[in-house]
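Here is the structure we will look at, set down as structure tokens.
Numbering (full-length UniProt numbering), first residue to last: 1 to 141.
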């Protein structure tokens, strides 16, 4: 939640959302990261924070802090570029409205972190509500 303790270079989500028009055509590449920081509302932010903590703790313990931070930055950039690329493809082949489709949030990077965790550590024990369970990692959210 933004408490206005410091000033951000934008006032509304529309000023930082990831879209083909803004990123690719206008060259506003910082939106790839700014769009991941911004969220639609408090519930969107809370869900992403809880989800990131749950998934990030497991992966950071195994990778250590600095490599984990680098992976999160890389996945954030790659998911932003993927969003632009997918919307460019859809805008070219389906309907030009996809060029203006604006995307915000960190969900893409969170799903990429979950995928990395599932691939790298496929059969690990998870602690779910205080009970240690060994499941294929795709079943434990």
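Glycine is no exception: its CB is placed at the ideal position from the N, C-alpha and C atoms.
All values reported here derive from a predicted model rather than from experimental measurement.
Residue i versus residue j: straight-line alpha-carbon distance, rounded
i	j	result
residue 88	residue 27	14 angstroms
residue 99	residue 21	6 angstroms
residue 63	residue 14	35 angstroms
residue 19	residue 131	43 angstroms
residue 82	residue 92	15 angstroms
residue 105	residue 72	14 angstroms
residue 23	residue 34	11 angstroms
residue 118	residue 44	24 angstroms
residue 16	residue 38	8 angstroms
CB of residue i within 8 angstroms of CB of residue j, strictly
i	j	result
residue 36	residue 76	yes
residue 48	residue 107	yes
Assigned exposure category for residue i - 16 Cβ within 10 Å defines buried
i	result
residue 1	Low confidence applies to residue 1: its pLDDT is 42, below 50, so where it sits in the model is not reliable, and the reading given next is rough at best. Answer is exposed; the Cβ neighbour count stays below 16.
residue 79	buried
residue 70	exposed
residue 109	buried
Legend entry - Whole runs of the alpha helix (DSSP H) within the UniProt domain "Peptidase S54 rhomboid" (27-134), excluding any shorter than 4 residues: 31-37, 42-63, 65-93, 107-120
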